[in-house]
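Data first, discussion second: the structure below is written as structure tokens.
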Amino acid sequence: MWSRSHAVSSFFFVVAWAGTLPAQPQYETHCEYIDGTIRQFRSWVCGESLELCGPFSQFDRVEFWAYADYKYLALLFEDRPEILQDVLWEDFGFPGRGGRESTLWVGSRGANTPCHIDSYGCNLVLQVEGRKRWHLFPPEDSNHLYPTRIPYEESSIYSRVNVVNPDQSRYPSFSKAHPHVVTLHPGQVLFVPRHWWHYVESVDDITVSVNSWIELDSDHEARVEEAITRMVVCTFKSADHSDRTDNWLNPTE
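FYI, in mature numbering (1 follows the signal peptide of the UniProt record, and there is no 0) the residues of the sequence shown are -18 to -1, 1 to 235.
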């Protein structure tokens, strides 16, 4: 899949501590960010010499994890359209949908995304390399997952609970949630229905996934709600002149 040009293309990686599980979710506002290449990332994960690891060399690969997300295949492989044609979502009931409507995710062991729901659509995920473990919760569990919009990110509603190390004293209702845990292996596809909560973690040294968000009619109403939410968050952030405002927005906003 990777040609030399792709291996040396610079990606925006999120880096976080992989030590003892924290009681709170590892939001991106608590992480560090570097520009690195896939080649440097693989060298770092494989324990090669530090000069081959580039910016990753400042992080101990045992104590930290890293991932890159939301990399659109249409941009990444614009010089290799045959790769885009290899991604066929029509086999799952979505004719005409393929690599051009898909994104790439790359991570190391322990890399995770905090439990959240996507405001828009549903989601198809193809596991390409390594394994990922998904912790899924139905929409009916929302009250047990303590939703929050801080940090704010359009289309993502986070849970305040670290679902793999929950603080039961702060979030007692979480014990009433109904988790569905799935380990996705290479070649397998997972369908994530609309408004299902999900926490995702990389199980193996290197994981590669491809996903596609499927638009739904209900997204029109959700976009209005998101626009109102954004306006409210920005208003409150502008009015708060304390040092806390750095945690209000995800770096992608």
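Idealized CB from N, CA, C, for every residue including glycine.
Along the length of the region 149 to 177, whole beta strand (DSSP E) runs at least 3 residues long occupy 162 to 166 and 171 to 174, reported in chain order. Here K114 is buried, its C-beta having at least 16 other C-beta atoms within 10 Å. DSSP places Q109 inside the beta strand (DSSP E), whose first and last residues are C104 to E111.
Sixteen is the threshold: when 16 or more other Cβ atoms of the shown chains lie within 10 Å of the Cβ of L86, as they do, the residue is buried. When DSSP reads this structure, N94 sits in a beta bridge with E183. Only buried fits D51, as 16 or more other CB atoms lie within 10 angstroms of its CB. In this structure R152 is exposed. Its beta-carbon is surrounded by fewer than 16 other beta-carbon atoms within 10 angstroms. A check of alpha carbon separations from V146 across L108, A(-3) and S157 identifies S157 as the nearest. Sequence-distant Cβ neighbours of S138 in its own chain, meaning closer than 8 angstroms and more than five residues away, are H98, I99, D100, S101 and N232.
Note on geometry: alpha-carbon atoms of G103 and W179 lie some 13 angstroms from one another.
Under the three-state reduction of DSSP, S138 is assigned to strand. In this structure, V69 keeps its C-beta atom at 7 angstroms or more from the C-beta atom of L172. Boundaries of the alpha helix (DSSP H) harbouring V27: I20 to V27, taken from the DSSP string.
Looking only at P129, E136 and A93, the smallest Cα-Cα distance to W116 is reached by A93.
Taking G81 as the centre and dropping the five residues before and after it, the same chain places the C-beta of L55, L66 and V69 closer than 6 angstroms to its C-beta, in chain order.
Minimum Cα-Cα distance from H167 among the listed residues S194, Q150 and D186 corresponds to D186. A straight line joining the alpha-carbon of C35 with that of Y181 spans about 28 angstroms. With 16 or more other CB atoms across the displayed protein chains lying within 10 angstroms of its CB, T95 is buried.
A Cβ-Cβ distance of about 7 angstroms is found for the pair S(-9) and G18, placing them in contact under the 8 angstroms criterion. According to the DSSP assignment, L66 belongs to the alpha helix (DSSP H) that extends over P63 to Q67.
The C-beta of V44 has fewer than 16 other C-beta atoms within 10 Å across all chains shown, which makes the residue exposed. Residue state for V145 is assigned as coil, using DSSP reduced to three classes. The straight-line gap separating the alpha-carbon atoms of D123 and N229 is approximately 26 angstroms.
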